[in-house]
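Enquirer:
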Amino acid sequence: MNVMASSRKFFHEAPWQLWTAQLTSLIQSEVKRNFLKRRSIWIYLVALAPVVILTIALAQEPPGGSIQDRTQLMGALFQFYYLHVAIFIGCLGIFTWLFRGEIVEKTLHYHFLSPLRRELLVLGKFLSGMVTTSLIFMLGVFGTFFLIYTHGGAAGRDFMFNGPGLGHLAAYLGVTVMACLGYGSIFIAFSLLIRNPIIPAVVVFLWETFHAALPSLLQKFSIMFYLKQLCPVPVPAEDFLALFAVGSEPVPPWLAVPGLLILCAGILVFACWRVRKLEISYLAD
Amino acid sequence: MTAENNRIVFENVSKFYGDVLGVNRVNLSLPPGVTSLVGPNGSGKTTLMNLMTGLIKPTQGRVNVLGLTPNHPEEFFRRVGYCTQFDSFPKGVTGYEFIYQSLKLHGISNNEAHRLTKEAIDRVNMGEAASRRIAGYSKGMRQRIRLAQSIAHHPTVLVLDEPLNGLDPMARAESIALFQALGKDGLHVIISSHVLHEVDKISDQVVLMSYGYVVAEGQIHGVRSEVKEHPMQILVRCSRPNLVASRLFNQDHVVEAKLQSDGNGLLVRTQNADQFYLLLNRIVLDDNIAVEAVAPADDDVNSLYQYLIGGGGSGGTV
């Protein structure tokens, strides 16, 4: 009863207007910085590499061909390249730098000395990272999808506008956002915990790649576990790629999305707890 | 507002960095006005300021500023401004953008943020350079733009860590005048500085620190009178100083009377300044002495520093 009463009091008395204004201002400046900083160039390259390679490769092939092959190509590119590699690396680059970058550049104290709650700082930085990575990778996924199907000629256009094409595109873009959300939450927590994120990032990469080999309970602590259930096209993999496509216990999308959101929320709550404890001692870094 | 809510209060505050002592068992209650933190490197001045503003948390004890703590940042940092020693800035921003962006985090409107930005920039005389990127600023300009950022939102408590570092003499004089004006307006201005004679000029209170401990605190003159083991030095510029000296020697509280080389004054060391001033009045009247000036010669931060902490203070810096 006390918890209910204090929650109600909090919701009534909290300065929502101020928080909204602060969050908006923070996200604006962070997004601008994320998009324009030199470190982001390689993330653009990672996101747009398939578009460039496909443009060159498809230019040498006559249009047409099987839509099923194109759907498999798109599914494989999305799962094996974007989900496993590109978005993971992009989020690693953007999110780990959100706090770690400010500590390295000795500018975090400006935020800590502003009338901004540290929890809002985590949320604002997380959302700015989400906006940045989602837009960059959605652009890459959209470009890849567009190239693959427009090169399919009339059948490709028919698949896109009269068939399940747009549904697939929406699913790919949605999964891209969910991937940024999942990986972003992990890496923003890393940026508050760990000085050099490379080794933990390798551990997470291996965990995510081979999550299907883990016991059922542990699989649920993997971002890929949820993302795979949301992909529109299952990708049969052979040989080396089979390592990345080991089938995990199936979960319906209506459970996968809330599951991923709960996992991310848990990680963000941990990040908020961590930032409240954080002290400024740049010398130690 | 209660008296407690108009003070900066440290209650038995200690801070350890692992095994290393930052500050230990600090008890302070700072009133409005200009308060200087004085001490050598590593004495705990910056630690005290960081504790005050929540950049670090005490290992033990409690700190509150005007009854507020950084756990409620919306109110706390509306009232507090802190110009740190960190000479670092977000990449690629101009001086104007730096201040404007920090004001926007206060949740104020664009127009108000622009107005306050311009006002702060004018107060530190950075009008011409404000549109340039900070990366191209000199050290003094960077110092001034940080000062502008810390005062832009009109705080009632202003914490300044070595604010005169890197400033040219003109900018120093302007900054000192600004701190004095803010102190007179009723603000709490907390300054750490190693330039003792400048601190001396502007301080209402002083906190002397050494090895993480507060050695002395209070108004400079009050602290000086508490230092019994070092007799007060008083310079008397007058006619017939040898006569004055001979009369003074009869008194127990006078430790030394030294004639000045130009023959127009003497330096007296006394254990009891009040009795000395009474006696001097009598001598002046009885012997018809012409007095040009009477002034304490070691009633300043520099002398206090030497007496209480020792060494290093004679050159004006610690």
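The listed protein sequences derive, respectively, from chains X and V.
One point on numbering: in the numbering used here, the residue at position 138 of the first sequence is 138, and numbering is uninterrupted.
One point on numbering: in the numbering used here, the residue at position 310 of the second sequence is 310, and numbering is uninterrupted.
Glycine is no exception: its CB is placed at the ideal position from the N, C-alpha and C atoms.
1) Let me make sure I understand the geometry here. Which of X/L173, X/K228, X/P200 has the alpha-carbon closest to that of X/A256?
2) Helix, strand or coil for V/P296, going by three-state DSSP, please let me know.
3) Closest to V/R78 by C-alpha separation, out of V/F86, V/S88, V/L66, would be which residue?
4) In whole angstroms, what separates the C-alpha of X/L261 from that of X/R39?
5) Output yes if chain V places a C-beta closer than 8 Å to the C-beta of X/T96; else output no.
6) Counting only C-beta atoms, is V/P31 closer than 8 Å to chain X at any point?
7) Taking the beta carbon of X/W97 as the centre, do at least 16 other beta carbons fall within 10 Å, making it buried, or is it exposed?
8) Hey, V/G186 and V/Q205: beta-carbon distance below 8 Å or not?
9) Is there contact between the segment 90-107 of chain V and the segment 128-145 of chain V, where contact requires at least three CB pairs shorter than 8 Å?
10) Could you check whether the Cβ of X/H12 sits closer than 8 Å to any Cβ belonging to chain V?
11) Can you name the residues of chain V whose CB is closer than 8 Å to the CB of X/R117?
12) Among X/M4, X/K32, X/L127, whose alpha-carbon lies nearest the alpha-carbon of X/L23?
13) List the residues of chain X that V/I56 touches, going by C-beta distances under 8 Å, in chain order.
14) Give me the Cα-Cα distance between V/N272 and V/C238, rounded to the nearest whole angstrom.
15) Can you name the residues of chain V whose CB is closer than 7 Å to the CB of X/Y110?
16) Is it buried or exposed, V/S203, if we count other Cβ atoms within 10 angstroms and call 16 or more buried?
17) For V/D19, count neighbouring C-beta atoms within 10 Å of its own C-beta (all shown protein chains included) and say buried if the count is 16 or more, exposed if not.
18) Can you give the Cα-Cα distance for X/S66 and X/D158, rounded to whole angstroms?
19) Within 8 Å (strictly less), CB to CB, does X/L192 reach chain V?
20) Alpha carbons only, please: which of V/R115, V/A173, V/R25 is nearest the one belonging to V/I44?
21) Report back the beta-carbon spacing between X/F112 and V/L55 to the nearest angstrom; my notes put them in contact at under 8 Å.
22) For my contact list, X/I296 and X/S185 are in at a C-beta cut-off of 8 Å; report their separation, rounded to the angstrom.
23) Assign X/L166 to one of two classes, buried (16 or more other C-beta atoms within 10 Å of its C-beta) or exposed (fewer than that).
24) Does the distance from the CB of V/G183 to the CB of V/L21 come in under 8 Å?
25) Can you give the Cα-Cα distance for X/F270 and X/I199, rounded to whole angstroms?
26) Here's the rule I'm using: 16 or more other beta-carbon atoms within 10 Å means buried, otherwise exposed. How should X/I280 be labelled?
27) For V/A257, collect the residues of the same chain with a Cβ closer than 6 Å to its Cβ; drop the 5 residues on either side in sequence, then sort them by chain order.
28) For chain V, check one thing: does any of its Cβ atoms lie closer than 8 Å to the Cβ of X/K125?
29) So which residues of chain V does X/A21 contact, with C-beta pairs closer than 7 Å?
30) From the DSSP secondary-structure annotation, give me the bridge partner or partners of V/K15.
31) Could you tell me which residues DSSP pairs with V/S261 in its beta bridges?
32) Who are the neighbours of X/T132 on chain V, taking C-beta pairs under 7 Å?
33) Can you give me the Cβ contacts of V/Q180 inside the same chain, cut-off strictly under 6 Å, excluding the 5 residues immediately before and after it?
34) Determine the closest residue to X/G140 out of X/G259, X/A5, X/V46, with distance taken between C-alpha atoms.
35) Measuring straight from C-alpha to C-alpha, what distance separates V/E75 and V/Q85?
36) How far does the alpha helix (DSSP H) with V/I190 in it reach, from first residue to last?
Expert: Here's the rundown:
1) The candidate whose alpha carbon is nearest that of X/A256 is X/K228.
2) Here V/P296 carries a strand assignment [DSSP, helix/strand/coil].
3) The shortest C-alpha separation from V/R78 is found at V/L66.
4) If I take the Cα positions, the gap works out to 28 Å.
5) Look at X/T96: its C-beta is not under 8 Å from any C-beta on chain V.
6) By this cut-off, V/P31 is not an interface position.
7) Counting Cβ neighbours within 10 Å, X/W97 comes out buried, since at least 16 surround it.
8) Taking 8 Å as the cut-off, the Cβ atoms of V/G186 and V/Q205 do not count as close.
9) Judged by Cβ distances under 8 Å, the segment 90-107 of chain V makes contact with the segment 128-145 of chain V, as three or more pairs qualify.
10) False, the Cβ-Cβ gap to chain V never drops below 8 Å.
11) Those within 8 Å of X/R117 in chain V are P73, E74.
12) The shortest Cα separation from X/L23 among X/M4, X/K32, X/L127 belongs to X/L127.
13) Chain X residues near V/I56: E279, I280, S281.
14) Distance between the alpha carbons of V/N272 and V/C238: 21 Å.
15) Going along chain V in sequence order, the residues near X/Y110 (Cβ under 7 Å) are S102.
16) Buried: at least 16 other Cβ atoms inside 10 Å.
17) Under this definition V/D19 is an exposed residue.
18) So the two alpha carbons sit approximately 13 Å from each other.
19) Cβ-Cβ to chain V under 8 Å: no for X/L192.
20) The amino acid at residue 44 of chain V is misidentified as Ile; the sequence shows Gly. Selected option, being the one with the closest Cα: V/R25.
21) The C-beta distance from X/F112 to V/L55 rounds to 6 Å, short enough to meet the 8 Å contact threshold.
22) The first residue shown for chain X is 1 and the last is 285, placing residue 296 of chain X beyond what the model contains.
23) In this structure X/L166 is exposed. Its beta-carbon is surrounded by fewer than 16 other beta-carbon atoms within 10 angstroms.
24) No; because the gap between Cβ atoms is not below 8 Å, this pair is not in contact.
25) Cα to Cα, the separation comes out at about 20 Å.
26) The residue is buried, with at least 16 neighbouring Cβ atoms inside 10 Å.
27) Taken in chain order, the residues that qualify are A245, L248, L266, V268.
28) With 8 Å as the cut-off, X/K125 does not count as an interface residue toward chain V.
29) Correct list: G107.
30) DSSP links V/K15 through a beta bridge to V/V23.
31) Partner(s): none; V/S261 has no beta bridge.
32) Identification of chain V residues near X/T132 by a Cβ-Cβ cut-off of 7 Å yields none; the smallest Cβ-Cβ distance measures about 16 Å.
33) For V/Q180, where only same-chain residues beyond five positions count, the Cβ hits under 6 Å are I202.
34) Residue X/V46 is the option with its Cα nearest to X/G140.
35) Rounded to whole angstroms, V/E75 and V/Q85 show a C-alpha spacing of 24 Å.
36) Counted as a single uninterrupted DSSP element, the stretch harbouring V/I190 is not any alpha helix (DSSP H) but the beta strand (DSSP E) occupying residues 188-192.
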